[in-house]
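Comments concern the structure below.
2 protein chains.
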Amino acid sequence: MSPRIEQHAAAERRPRRPHVVIVGGGFAGLSAARRLRRAPVDVTVLDRTNHHLFQPLLYQVATAVLSPGDIVAPIRHLLRKQRNTTVLMAHVHEVDPERRVVVVDEERREIAYDFLILAAGARHSYFGHDEWEPYAPGLKSIDDAEEIRRRFLLAFEEAEKSEDAAEREALLTIVVVGAGPTGVELAGMLSTTAHDAMHADFRRIDTRRTRVVLLEGGPRVLPTFPEELSARAQRDLESLGVQVRTRSVVTRIEEDAVYVGEERIPTRNVFWGAGNAASPLARGLGAPLDRAGRVQVEPDLSVPGRPELFVVGDLAAVTQDGKPVPGVAPAATQEGGWAADNVVRTLRGEPRRPFVYRDKGDLATIGRHRAVGSFSRGRIRLTGRTAWWLWLGVHIMYLAGFRNRASVFIQWAYAYFTYGRGVRLITGETRRTLPPVEATQAIRGW
Amino acid sequence: MSPRIEQHAAAERRPRRPHVVIVGGGFAGLSAARRLRRAPVDVTVLDRTNHHLFQPLLYQVATAVLSPGDIVAPIRHLLRKQRNTTVLMAHVHEVDPERRVVVVDEERREIAYDFLILAAGARHSYFGHDEWEPYAPGLKSIDDAEEIRRRFLLAFEEAEKSEDAAEREALLTIVVVGAGPTGVELAGMLSTTAHDAMHADFRRIDTRRTRVVLLEGGPRVLPTFPEELSARAQRDLESLGVQVRTRSVVTRIEEDAVYVGEERIPTRNVFWGAGNAASPLARGLGAPLDRAGRVQVEPDLSVPGRPELFVVGDLAAVTQDGKPVPGVAPAATQEGGWAADNVVRTLRGEPRRPFVYRDKGDLATIGRHRAVGSFSRGRIRLTGRTAWWLWLGVHIMYLAGFRNRASVFIQWAYAYFTYGRGVRLITGETRRTLPPVEATQAIRGW
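As structure tokens, then:
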């Protein structure tokens, strides 16, 4: 029995309620689902994974500070008390806005919707150089974070065994591409871990000599922050031993080197924090897309000409007062909830409301006692210890709903007081070889 | 420069100290290394992974109670204060007792030893049916535990999506093969998790109807415990909803069924806890082996005719008063330390001491408030709550040296008071297809 038929069968048993399908269990999708808790609708949440991911802390899994389990929670568990909501782990291949169905899984089953809230997010963009992916993994999923952790830890193990000085140096050189918040946090934490936490454990190498290079194509780090904070972040990074190189565009990545123009930097560890590309699901909607492939939505967050189809989160290009709304967790949360509200208003026959973004400010952490924060559109600026403690507090608070809050708190406290070793676990196989084309698409497709 | 040459180069700089190589960073190997902390020797510890694993809690990772990071610690971190000890992550292919070298990694580098303590452990044995492995993963490593967790959790996700009653039933049937401690603990915890923790999260299936079948070829569960405790453990398992079937020999395993004689049990989840096979490294020693491939050692734990070569832990067949010493963590810890002591005695010109096993008793947990314990050779027997609380205390205590003790404690407390959800994280790819021959050997070979 296909889900379409089942939908009709359900209709026979009770007055049929509108079916809202939400694609994606990230901040935007989860927020939309929660807002529909008491609405007279049936909700189906579809996600490729079984878990909601607290993405702002993903770099701490990649750098072996936290366990993957600390920053995830099963989507179905978070929504367990919403009796009108069903969660299915499924791979969405395509949206057919004409027939109002989403097509899922290998069997290409169709799930019909009355309203669709598309929150399928983004993956990395290698700016047309997809052949770089196996050498320069990005950081979007738990699998990504485990891959980075594996390579980072294995590099030291290999270096400890190596008898070749040049090889050892390439192993102890880490290049992070892109100095947005992800790149900055990753570079700062990798440097801290290598320099402070692992030093005593090795006999033949000195992990304090690990070279972390942060490459940024633009003129400064953290380009969305005020210039003054960019400068402070760069100084903080440098004090942690990170070599920051702005206006440095990567021209080529190989298994054992990164090229900046003609310059070759020998390295066995390249991590990608540079570009985002929206989920390819956006392309099938017949809607206008921006340069990054995101859907340019109406003020009410729906797709032009498709009032029943909303796009939110990193997949949506939302502008406000002529400026783009940033691709951060609070924005995604607000958009998801707003789209759900507009669904409810529509059902009640009320007019929809145009989305209003409430900017709560921006925080990025660089390392122990080092962070920068910008609030009230840059009028309030914080740096150093104040910003760092605020960052800690905010993140502990937002882990609410995760039972892992206590676990994260203990692990951070331990790391703080001991400059401790974290979760230095190497498991599984590396993805260092180029996956077959089909698998690549599966990773790319949402 | 090969390690052999390097060894000689080191000899020129200072009076050459004997080189003790330890293969394996499990309980036996780690205990041997620690005992040599102040000995006038250079120690090299080789392990295929970077971490020591607290194996008695591995089933809790497989059943999504604990995170992998909670029960591991980097071997090099545990030994960081021992300046005479180097830890290398390396794959040991072979031991050449004639030339006194171990051969490691793809490059087949040779590491020379004066003393070798071989603690390479065991893998699963499928009793000549290696073709069952992809359908019935065992539980020895973190990767194994994550594979079992992935299959267990995916089965419920698939069942929630399935429209086919027979498929749903096969997905909600779990078969555990072998009723030793691993099989009993796994079956009990899988049943508890399915029945108590996940029930509210699903809409289309009732996880309380999950069928867990424990198959045992012999006449009773926990065959190494007194008969009375076996009977109690079986009753406890049954009260948790586990179907216990003794004298049930598995004759065939396919992707979607297990056969007991001619009977076919449709299931998509088979987990293997039945047999052990010693590491194939044992075969190259020219020493007498027992039926399971373990090395029959002398009373001082060395190999007959090779006083410089010790075998300890699950790789050794040790007998005491005509009875085999069991393959448990305390025995491995004692053997490793004992072998190291005999190395030190030999260097001092003192006679070696024959190994004396101190039996500290046996504990197995079945579920909440359900455990059995046997002490003083079965004269003291514990069951129910008493045994269960004792089990908890002992395991929290033995996690010492792991900073994860606090984290484990919190997660257990949380699970205890809330019948909570644990670490229900699905990541990575399943190993459900038969790996290529070479990879299989790599898994098998230590």
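Listed in order, the protein sequences are those of chains A and B.
Letter 132 of the first sequence, counting from 1, is numbered 131 in numbering that gives the first Met the number 0, and no numbers are missing.
Letter 275 of the second sequence, counting from 1, is numbered 274 in numbering that gives the first Met the number 0, and no numbers are missing.
For glycine and all other residues, C-beta sits at the position ideal for the given N, C-alpha and C.
Next item on the list: Report the residues of the segment 271–289 of chain A with a CB closer than 7 Å to any CB of chain B, ordered along the chain.
Entry: none
Item checked: Min CB distance Asn268/A to chain B below 8 Å -> no
Next item on the list: List the DSSP bridge partners of Arg251/A.
Entry: Tyr258/A
Next item on the list: Specify, as a first and last residue, the run of the beta strand (DSSP E) that Pro306/A falls within.
Entry: 305–310
Check: Counting only beta-carbon atoms, is Pro67/A nearer than 8 Å to chain B?
Finding: yes
Check: So which residues of chain B does Gly427/A contact, with C-beta pairs closer than 7 Å?
Finding: Asp142, Gly427
Note to self: List, from N- to C-terminal side, the alpha helix (DSSP H) runs of 4 residues or more that fit wholly inside the segment 47–109 of chain A.
What the structure shows: 57–61, 74–77
Check: With DSSP run on the structure shown, which of helix, strand or coil describes Ala331/A?
Finding: Three-state result, Ala331/A: helix.
Notebook entry, point to check: Based on the DSSP secondary-structure assignment, which residues constitute the bridge partners of Trp131/B?
Noted result: DSSP, once it has assigned bridges, lists no residue as partnering Trp131/B.
Check: From what residue to what residue does the beta strand (DSSP E) around Arg290/B run?
Finding: Note, Arg290/B: premise wrong, no beta strand (DSSP E); not H, not E.
Next item on the list: Using alpha carbons as the reference points, say which of Glu254/A, Leu239/A, Ser229/A lies closest to Thr245/A.
Entry: Ser229/A
Notebook entry, point to check: Roughly how many angstroms separate the alpha carbons of Glu184/A and Ser373/A, rounded to a whole number?
Noted result: 16 Å
Next item on the list: Could you name the residues of chain A that Phe201/B contacts, counting a contact when the two beta carbons are closer than 8 Å?
Entry: Arg75
Check: In the DSSP assignment, what residue or residues form a beta bridge with Thr43/A?
Finding: Val20/A, Thr85/A
Note to self: Counting only Cβ pairs nearer than 7 Å, list the residues of chain A close to His123/B.
What the structure shows: Here the premise fails: no neighbours, minimum Cβ distance about 18 Å.
Margin query: Using only the alpha-carbon positions, how far apart do Ala89/A and Arg99/A sit?
Written below: 17 Å
Check: Going along the chain, which residues of its own chain have a beta-carbon closer than 6 Å to the beta-carbon of Thr209/B, five neighbours each way excluded?
Finding: Leu171, Ala193
Check: According to a CB-to-CB cut-off of less than 7 Å, which residues of the segment 161–177 of chain A neighbour chain B?
Finding: From the segment 161–177 of chain A, only Glu162 have a Cβ closer than 7 Å to chain B.
Checklist line | Enclosing alpha helix (DSSP H) for Val393/A [first to last residue] | finding: Run containing Val393/A: 383–397, per the alpha helix (DSSP H) assignment.
Note to self: With a threshold of 7 Å on Cβ separation, who are the neighbours of Ala330/B within its own chain once the five nearest residues in sequence on each side are excluded?
What the structure shows: Hits under 7 Å: Val324, Tyr356.
Item checked: Range covered by the alpha helix (DSSP H) that runs through Leu29/A -> 26–34
Margin query: Under DSSP, the alpha helix (DSSP H) around Ala230/A begins and ends at which residues?
Written below: Where Ala230/A is concerned, the enclosing alpha helix (DSSP H) stretches over 226–238.
Next item on the list: Per DSSP, which residues does Leu221/B bridge with? Please list them.
Entry: The partner list for Leu221/B (beta bridge, DSSP) is empty, contrary to what the question assumes.
Next item on the list: Give a yes or no on whether the C-beta atoms belonging to Arg75/A and Asp200/B are separated by under 8 Å.
Entry: One thing to note: Arg75/A has its Cβ within 8 Å of the Cβ of Asp200/B.
Next item on the list: With a cut-off of 8 Å on the beta carbons, I'd call Asp143/A and Glu307/A a contact; round off their distance for me.
Entry: Incorrect: roughly 33 Å between the Cβ atoms, too far for contact.
Checklist line | CB contact check: His368/B to chain A, cutoff 8 Å | finding: For His368/B, not one C-beta of chain A is nearer than 8 Å to its own C-beta.
Next item on the list: Could you confirm whether any beta carbon from chain A is found closer than 8 Å to the beta carbon of His90/B?
Entry: no
Next item on the list: Counting only the same chain and skipping the five closest in sequence on each side, list residues whose C-beta sits under 6 Å from that of Gln233/A.
Entry: Val220, Val243
Item checked: Any C-beta of chain A under 8 Å from that of Arg79/B -> yes
Item checked: Per-residue DSSP class, three states only, for Arg454/B -> Because chain B here runs from 0 to 445, residue 454/B falls outside it and cannot be looked at.
Checklist line | Endpoints, the beta strand (DSSP E) within which Gly372/B is located | finding: 369–374
Next item on the list: Have a look at the DSSP bridge pairing and note the partners of Asp361/B.
Entry: Ser373/B
Check: Under the three-state reduction of DSSP, which class applies to Phe451/B: helix, strand or coil?
Finding: Any question about residue 451/B goes unanswered here, given that chain B covers just 0 to 445.
Next item on the list: Would you verify that the beta carbon of Thr85/B is, or is not, closer than 8 Å to some beta carbon of chain A?
Entry: yes
Next item on the list: Under 8 Å between beta-carbons, which chain B residues line up against Leu152/A? List them in chain order, please.
Entry: Asn49
Checklist line | Reference Phe354/B, options Thr364/B, Leu362/B, Ala338/B, closest by Cα | finding: Ala338/B
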